[in-house]
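Chemist: Supplied in structure tokens, the structure appears directly below.
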Amino acid sequence: MAKPVIISINENLCKGADGCGICLALCPKDVFRIAERLTARGIRLPVAEKITACTKCDNCVIYCPDMAIVVALREVPEVAEAAERATQ
Amino acid sequence: MAKPVIISINENLCKGADGCGICLALCPKDVFRIAERLTARGIRLPVAEKITACTKCDNCVIYCPDMAIVVALREVPEVAEAAERATQ
Amino acid sequence: MSAAALEHPLAKFIRPSARTTANCPGCGNGILAQSILRAIEELGLRLDDFVFVSGIGCAAWIPSPSFYADVLHTTHGRPIAFGIGIKVALPHKRVMVISGDGDLTAIGGNHLIHAARRNIAMTVFCVNNGIYGMTGGQVAPTTPLGLTTVTTPFGNAENPFDICELVKGAGASFVARWTTYHPRQLVRTAKKAIQKKGFAFVEVLSQCPVEFGRKTGIGNAVQMLEWYKTKSVGVARAKDMSAAELADRIVVGELVDIEKPELMETLEGIRRKAMASS
Amino acid sequence: MSAAALEHPLAKFIRPSARTTANCPGCGNGILAQSILRAIEELGLRLDDFVFVSGIGCAAWIPSPSFYADVLHTTHGRPIAFGIGIKVALPHKRVMVISGDGDLTAIGGNHLIHAARRNIAMTVFCVNNGIYGMTGGQVAPTTPLGLTTVTTPFGNAENPFDICELVKGAGASFVARWTTYHPRQLVRTAKKAIQKKGFAFVEVLSQCPVEFGRKTGIGNAVQMLEWYKTKSVGVARAKDMSAAELADRIVVGELVDIEKPELMETLEGIRRKAMASS
Amino acid sequence: MKRTEIRIAGFGGQGVVLAGVLLGTAAAVTDGRRAVQTQSYGAAARGGGARSEVVISDDPIIYPRVTHPDIMVAMSEEAMQKYGPDMRAGGLLIIDSDLVQGVSRDDVRLVAVPASNLATQELGRTIVANIVMLGVLVAKTGVVSAAGMEAAIRENVPPKTIDLNLKAFRRGLELGASAPIQEPAGHAAA
Amino acid sequence: MKRTEIRIAGFGGQGVVLAGVLLGTAAAVTDGRRAVQTQSYGAAARGGGARSEVVISDDPIIYPRVTHPDIMVAMSEEAMQKYGPDMRAGGLLIIDSDLVQGVSRDDVRLVAVPASNLATQELGRTIVANIVMLGVLVAKTGVVSAAGMEAAIRENVPPKTIDLNLKAFRRGLELGASAPIQEPAGHAAA
Amino acid sequence: MRKEAVLTGRHFMMGNIACAEGALAAGCRFAAGYPITPATEVAERLAERLPVLGGTFLQMEDEIASIAAVIGASWGGLKAMTATSGPGISLMLENIGFALGTETPCVIVNVMRGGPTTGIPAVELQGDVIQPRRGSHGDYQIIALAPSSVQEAFDYTLEAFNLAERFRTPVFVLSDAFLGHMREELIIPEADRVPIVDRKVFPPDADAEELAAFLDEDVAPMPVFGRGHKAHVTSSCHDAYGRRNVVDAQALDVFIRKLHGKIERHRDEIVRVASDAEEAEIVLVSYGTVFRCARAAVEAGRAEGLRLGWFKLGTLWPFPDREIAALAARARHLMVLENNLGQLFHYVQAAAASRCRVSFLPPRVLGELHEIEDILKAVREVRA
Amino acid sequence: MRKEAVLTGRHFMMGNIACAEGALAAGCRFAAGYPITPATEVAERLAERLPVLGGTFLQMEDEIASIAAVIGASWGGLKAMTATSGPGISLMLENIGFALGTETPCVIVNVMRGGPTTGIPAVELQGDVIQPRRGSHGDYQIIALAPSSVQEAFDYTLEAFNLAERFRTPVFVLSDAFLGHMREELIIPEADRVPIVDRKVFPPDADAEELAAFLDEDVAPMPVFGRGHKAHVTSSCHDAYGRRNVVDAQALDVFIRKLHGKIERHRDEIVRVASDAEEAEIVLVSYGTVFRCARAAVEAGRAEGLRLGWFKLGTLWPFPDREIAALAARARHLMVLENNLGQLFHYVQAAAASRCRVSFLPPRVLGELHEIEDILKAVREVRA
Ligand SMILES: Cc1ncc(C[n+]2csc(CCOP(=O)(O)OP(=O)(O)O)c2C)c(N)n1
Ligand SMILES: Cc1ncc(C[n+]2csc(CCOP(=O)(O)OP(=O)(O)O)c2C)c(N)n1
Ligand code: SF4
Ligand code: SF4
Ligand code: SF4
Ligand code: SF4
Ligand code: SF4
Ligand code: SF4
Ligand SMILES: [Mg+2]
Ligand SMILES: [Mg+2]
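Residue numbers (numbering that gives the first Met the number 0), protein chains in the order written: chain H, 0 to 87; chain R, 0 to 87; chain D, 0 to 277; chain F, 0 to 277; chain Y, 0 to 189; chain Z, 0 to 189; chain E, 0 to 383; chain V, 0 to 383.
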């Protein structure tokens, strides 16, 4: 069941959805898509798009080979706060 | 069944019945005994004593770790001849 | 929406100066790394309870330098032998070896089987990517018969090891196999392996999309995970399958879990006896 | 009465300059040597059909220099690796490795398991005397747990290998075990091993009365043969025995005999493919 | 011709090493001159920087390293920053304008071409941007013959990609023929 | 005392190395002098020859090898033949007369004792013939003290065999005290 | 890929590939190896080419097994080689000693990398130049060649096989990461113009019990296996017939001296040096890739009027001591350039003895080639 | 068997046993090894003594594993050693390079035997004296000591541990088959008079991310494992914090130079030589067991009026080049005596350079000690 989450993708750690793309493939809810924009490092990141579909199954977290993804429940106060900061 | 045989023990090869003695132990007919005399190399050879009891089972030949024993049937002409030479 | 600020729950286990891995995109090694750290976390252990040892190769870079702990990155093939010295010196620490199939079963095969024989308390994770990743895709003792690699351009002429059978034959007291498609099972097994009093060996089939997947045509990281999923069969189910049925399948699960004298204990016994001797 | 003049039927196989062995009195190695030569004789083969390879140790001196054939007496632990090069260069000759348990399973363990994996056509006789004979009675990977040797004066802290299980786990296509109490069976098995198209491994428990028998208290050559006799149990009978019943028994017989791709053939296939390639 | 030093630099995966090899092959095999090619890559497959260097000369090449390139092809911002300073003043700098923004040197002759976009859009494969750049280089310098380069391409790229690469090279030649050279500050056009 | 060179030679298994070790230990540890012991054996367990050499001196021993023994104990015919020639003229040769027949040197002082038979018959163990020979040697030369030798025996033989060895040594001392010395041809008794 | 053994023609080729092609041209038909940067391309090339020529490449379980298989194949009658880098050589040393002691022809290529230990795989260093000579235990003499160009990578590897066959001994080719990965033009001659030496073998019916097969300073014929010679080949000390003797120092003395003498006596046939130092006051002594810097510096220095010369060691072992001594007698100063902290330097110094001064210059950054300006600066200092 | 670590008192002991006792007195509590003639007694003694002292002896599967376990134990905080002979050293060289590169204190005893290859196990040879310095790949400096008596077998092994701990580096003890099996008197001091050096370790709470642990010419503190320092110890080229860098030659340059400098800078602390050559015209330079022949020859020669002197190298590496140079400045002729065909000879020659003449004398029979008469004969020839 979908849960209100924050999905954080560390751009410094992710190796790029073009080369890797494991999160895209293993998310049962198809939450991610691949970004169009190339980063300075020449890769394209995954973007958590259908975030509301997320069930926090943690597949993306557990399978990400670069520990680049964190999925956290919005209700956890620290998480909400962090999300706040991040969008500033 | 006992057979007329010649039992040849190569004194240069045998390592001595005191250290080895396998032929003595593995002969089912107790054909061998240990010599009293020490050789120049300081060992005591086995002696085929109860030769008439030999059944040519070949145990002594097969188990001798130094290929020092040959058991041959007397009726084989070459053997008889060799035996002849050896006793001259 | 995505936010960049959340700290990964296992980030505390990562050496600050080595937050990014040197792995290629989609490399399976990172999945194993995370699984190991997760198992340690779930067991309530600290990284300071461990000494990590690895050889040379991509897999050997899993703990080195990333794990924020004592790490010995040794010569090619020798991590287990180094680990034995460490374990004797620090019997109350847990020694964990993480290295590649080439490292542990090609050049290092002898140390592997002897450690298994000794049944020294040590956890060994062997990353089986079926290839030498770091040096650019040469044949490994795990590469399937017939496969084309840069050193077998007309196909591999050699039968591969069944590594788990080998380690079992050598006398290990705990032997298991999973793939990077199975991180949750891997965590469960890793926890057992870490706690085993004896030599605990875990083979992990792991995708090397760059040197194996691409060159064998099995495909990219995602396709390789898919392939692991399809090919895997649990050890319980495998028991009822014929050799032919199992031919190109990957039997996963815990294959051996027995009790036998462990080296640190027998050595302690020796010391007690020696001290008591006249 | 005894006569000194009869020529041993296998004497033709012995190098003229090396008629006497360097073995201690009663050493089991000579029993194996004779059994191997007998097997070759019974198969109607000539020694020129073979290349013999050995490592370093008493057992390694079985063919070197005695066997009147091409013999390569190599470095410690490496005979199988040398043998592979010889076999590739001379595919129509039979390569036979004869060496000790220390040589083949301690320092040489890696080459042993890899040759088994490759299933290269090669016959390997491993003399298991449970000890390092040549260097004076140090513990071997085959020495029973608890036994006192010059390097384990308070008892051996390590579990021994079951060598046959190891080689089987590595993938050998023929595996057998006998003792020097079983020369007739050994000849029979040796004949099969020589003719096997694949890696054929025969473990032979052999008495070292000087460094093992005397020091362990099992006794002299004759007592050790007696001990082998008592402890041995045929593989067929062993199948019906429990692990406990088998604990200190020696399972003898042919343990593995399977078919799988052999290296010389697969290599030939590679060459054909290469030559046919554009 | 005297010793000419050429450096091609960019990301791993852009084919800068292949570009150097093609230049060297053209010079040494087809054109019958002397060439040395060397390279350096970090963990290439892992996205580090890559660099390929070629020395071309009519005489035997004794010192094999490139120290102050006469010609540099820059295919990444990082490469530009890192290697720009080494260039010989008055040398020729060719940049992929899609990838390189800041040109730190004003004492070199500059050619800027949109090779990546051209490769992606016109040729359908970004990966041949390196070959486009070679075309530009040959057009602008004649350091190797176009025929030599085409032969080198035929010899060295996977058979299935020969046509694509030849096309990229020829497109680069055209682009090079028409692209303007921005002369160094304070120098008149030669 | 000046440097004395001693060689003990025989078959492997006769304990000639132990004999040398005991001599050296007596000299160096109990008697507080200097000693060096060296040895050489073929494949000992396999019945080759064995040889043990001791240098004893009051001064530090620089050159450690025995080259021309002042004293030689010969316990096999082979040893006698092989090493006899090396002896210093006028040196002392002690042979086990049960094992050595031919004495090739007539310029040395000779003591012959039936050590093997004595060991076998009187002491019940042929293996202690070496210790009997040591007794003879000590009695005839005083190169080490009897007390030093007894201490060395206690320290170096398996605990269970100490008494047997001490007995053999003392029996050797007696034998040595009474055994005649055959002086070199052409020399008067000293 | 062409299918002939000798790829006659003009190429633009990597040093490692040229090395493999030199081997194939020499008749190498067996190679065994274990992957290692920066040598792997040699193995990869051989893996691709050998099966086509009816030969075999085996990737073994490690370097120890690799050299063992190479030696085995050589006794089986094939010309055989391995290629590796420092860590691999360190592991092979015991068996390299075996090849020396049993007089087994084979070729060992070391594409040197940066160390000690794992170090930096892709950076060159001349760190392993004494290792062939003194790395394996015991006392022995060996042959080692150091190519300085892709052409020499080909030529010297070919030559290494010829020397190995001629002297029944392992021969080293000491390349490095720079040369191994460098591409340069290479001219391979017509197949029938490639000089080939084959080992002297036993006459067909000879029995190793009767014909001496070892320890001849003029090189005994080799009783290659599989031909009924009944050869006994042992790593133990042995006599000319291969009979083991592990008791007498005298036998050891003969064993060591004969093996040594086999190379020493023929050192003039083996040693190759080159120089341009006739009128020179200061001579730059170097080898391998560093030679290219030295030579370039000499040209630059002469242009500015310095009386400079160069001397190149093509053969590192046996060490060209006489040639150095002769040079030292003529020159005022020898400056030894190596990409290390001074290895052969001491041997040059020893050979020059009291004849002239000898100094040493490493590159500014170990692992990189010397810069010409650094060399000239050092030269100017020496002159001052 | 007594149970103290230090067997204070007067003994008549084999060189190999003295070596083991020196190690125990130094605080060695871990040893790993693999049997080999003529070194096995060292291991056997340690196997008997270590467990009594709460230590451990492990017989490993081979020599490679032995040195690996030793290094592991050293990182675990124990003083550790192995003992072997030539073939074993040849196999250990890769991991000895590891110990060098990671700055791991440990002691390696080589009881040298006759080779190359299997050779003759029980015959002595000084065949492996350059091997410690140049046997492992890459460029590095090492410490090696050569005892010439049973007392020195004890003292130098003890000293080897102290140097290993002081400089965080592997240290060799080069004994030989003759000394190893020779018995001689040995005096072991009271336990509290045995000089002991322990490695400098990290302060208790230090984190290896913050405190430099490597590449300090004055020896960085060691972040011994198991104490929470989170040390990263790698065989790859690394910086002072152990951070891997396998890309830049610059990093390699620092890596090599610092490791080198750590020994070189302290060479005066390390190098030990002895001599009696004040008035000498001809000086016999030697080490190990051969030194005893040289010294005996000097005494004999002086007795007949020859102006002879001796110079003993206690330390073979770092090579006592300055001491030799000083000697060469005073003497007319240095005669180098080694039980080989000339190994350190070249280094003596290089160090003497133009200062005096240098010649070489092997024993009449390699594998045996020099005969005094042979030495004197050579001396007389040199004088003539
Ligand atoms: C002695 C030695 N030989 C060879 C190498 C080169 N080498 C580095 S990594 C590697 C293979 C690694 O394969 P594997 O262990 O399977 O690790 P992967 O990279 O596949 O994870 C080799 C051969 C080396 N470093 N040392
Ligand atoms: C590299 C190396 N290490 C050690 C040795 C010493 N060595 C000679 S024989 C031997 C052990 C032999 O044991 P095994 O193979 O069981 O033969 P055995 O004598 O018992 O028949 C050893 C360790 C050696 N020759 N080479
Ligand atoms: S937690 Fe599960 S559902 Fe949510 S984004 Fe990740 S993989 Fe998809
Ligand atoms: S799984 Fe991780 S590394 Fe891979 S694309 Fe997703 S976020 Fe990036
Ligand atoms: S053949 Fe049989 S019966 Fe006859 S002597 Fe030999 S063992 Fe005894
Ligand atoms: S078995 Fe052979 S070696 Fe043993 S005692 Fe009998 S004859 Fe002699
Ligand atoms: S080469 Fe393969 S194993 Fe190595 S990091 Fe890349 S994907 Fe992973
Ligand atoms: S030591 Fe043992 S194995 Fe070796 S020859 Fe003697 S009895 Fe046989
Ligand atoms: Mg792998
Ligand atoms: Mg054995």
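Every residue gets a Cβ at the ideal spot worked out from N, C-alpha and C, and that includes glycine.
Small disclaimer: the values here were computed from a predicted structure and weren't measured.
(1) Using the Cβ count rule (16 or more neighbours within 10 Å means buried), how would you classify Asp204 (chain E)?
(2) By alpha-carbon positions, which one of D:Val251, D:Ala199, D:Ala243, D:Met263 ends up nearest to Val96 (chain D)?
(3) Could you check whether the Cβ of Cys26 (chain D) sits closer than 8 Å to any Cβ belonging to chain H?
(4) Just how far apart, CA to CA, sit Asp138 (chain V) and Glu62 (chain V)?
(5) Using a C-beta cutoff of 8 Å, does Leu6 (chain V) count as contacting chain F?
(6) Quick one: give me the first and last residue of the alpha helix (DSSP H) that Ile16 (chain E) is part of.
(7) For ligand 2, any of its heavy atoms closer than 7 Å to the Cβ of Leu173 (chain V)?
(8) Quick one, which of H:Val75, H:Asn9, H:Thr54, H:Thr38 has its alpha-carbon nearest Lys28 (chain H)'s?
(9) Taking the alpha-carbon positions, what's the Glu278 (chain V) to Val357 (chain V) distance?
(10) So, is the C-beta of Phe11 (chain E) closer than 8 Å to a C-beta in chain Y?
(11) Is Ser103 (chain Z) buried or exposed, if buried means 16 or more other CB atoms sit within 10 Å of its CB?
(12) Using a Cβ-Cβ cutoff of less than 6 Å, which residues in the same chain neighbour Pro222 (chain E) once the five nearest sequence positions on both sides are dropped?
(13) Return the residue from the list D:Tyr180, D:Phe211, D:Asp69, D:Lys214 that minimises the CA-CA distance to Cys59 (chain H).
(14) Output the residue ranges of the beta strand (DSSP E) runs that lie fully inside the segment 49-115 of chain E and measure 3 residues or longer, sorted by chain position.
(15) Please name the residue, chosen from F:Val251, F:Phe153, F:Phe211, that lies closest to Asp161 (chain F) on a Cα-to-Cα basis.
(16) In its own chain, which residues sit with a C-beta less than 6 Å from the C-beta of Arg132 (chain E), not counting the 5 before and 5 after it?
(17) Once you ignore the five residues that flank Tyr155 (chain E) on each side, which residues in its own chain have a CB closer than 6 Å to its CB?
(18) Is Gly218 (chain F) near ligand 6, in the sense that its beta carbon is under 7 Å from a heavy atom of that ligand?
(19) Measure how close the beta-carbons of Glu261 (chain D) and Lys196 (chain D) come, nearest whole angstrom, since I'm counting them as under 8 Å.
(20) If you reduce the DSSP assignment to three classes, tell me which class Gln206 (chain D) lands in.
(21) For Leu12 (chain H), which residues from the same chain have a beta carbon less than 8 Å from its beta carbon, with the 5 sequence-adjacent residues on both sides left out?
(22) My output table needs one value for Ser276 (chain F): the three-state DSSP class, helix, strand or coil.
(23) In chain order, what residues place their C-beta within less than 6 Å of a heavy atom belonging to ligand 8?
(24) Between Pro8 (chain F) and ligand 6, is the CB less than 7 Å from at least one heavy atom?
Modeler: In short:
(1) With fewer than 16 other CB atoms across the displayed protein chains lying within 10 angstroms of its CB, Asp204 (chain E) is exposed.
(2) Cα-wise, what sits closest to Val96 (chain D) is D:Ala199.
(3) Cys26 (chain D) counts as touching chain H.
(4) In this structure, the straight-line span from the alpha carbon of Asp138 (chain V) to that of Glu62 (chain V) is close to 23 Å.
(5) Residue-level contact check: Leu6 (chain V) does not touch chain F, since none of the beta carbons of chain F fall below 8 Å from its beta carbon.
(6) Per DSSP, Ile16 (chain E) belongs to the alpha helix (DSSP H) from 14-25.
(7) Result no, Cβ not under 7 Å from ligand 2.
(8) Nearest Cα to Lys28 (chain H) within the set H:Val75, H:Asn9, H:Thr54, H:Thr38: H:Thr54.
(9) Taking C-alpha positions only, Glu278 (chain V) is separated from Val357 (chain V) by approximately 17 Å.
(10) Chain Y, which has a Cβ nearer than 8 Å to the Cβ of Phe11 (chain E), makes this yes.
(11) It counts as exposed.
(12) The residues are Phe201, Ala207, Ala212, His228, Ala230.
(13) Residue D:Tyr180 is the option with its Cα nearest to Cys59 (chain H).
(14) Restricted to the segment 49-115 of chain E, the beta strand (DSSP E) segments that are unbroken, complete and at least 3 residues in length are 55-58, 78-83, 105-111, listed in chain order.
(15) Measuring from the Cα of Asp161 (chain F), the nearest candidate turns out to be F:Val251.
(16) Excluding sequence neighbours, Arg132 (chain E) sits near Ile141, Trp316.
(17) So the list reads Leu144, Pro146, Val172, once near-sequence residues are dropped.
(18) Outside the cutoff, so no.
(19) Their Cβ separation, rounded to whole angstroms, is 5 Å, which keeps Glu261 (chain D) and Lys196 (chain D) in contact under 8 Å.
(20) Looking at Gln206 (chain D) - three-state DSSP - the assignment turns out to be coil, as it is neither helix nor strand.
(21) Excluding residues within five positions, the ones whose Cβ falls inside 8 Å are Asp65, Met66, Ala67.
(22) In the structure shown, Ser276 (chain F) sits in coil (DSSP, three-state: anything other than H, G, I, E or B).
(23) Counting every residue whose Cβ lies closer than 6 Å to a heavy atom of ligand 8, we get F:Asn22, F:Cys23, F:Cys26, F:Asn28, F:Cys57, F:Asn128, F:Gly132, F:Met133, F:Cys207, F:Pro208, F:Val209, F:Glu210, Z:Ala44.
(24) Because no heavy atom of ligand 6 lies under 7 Å away, the Cβ of Pro8 (chain F) does not count as near it: no.
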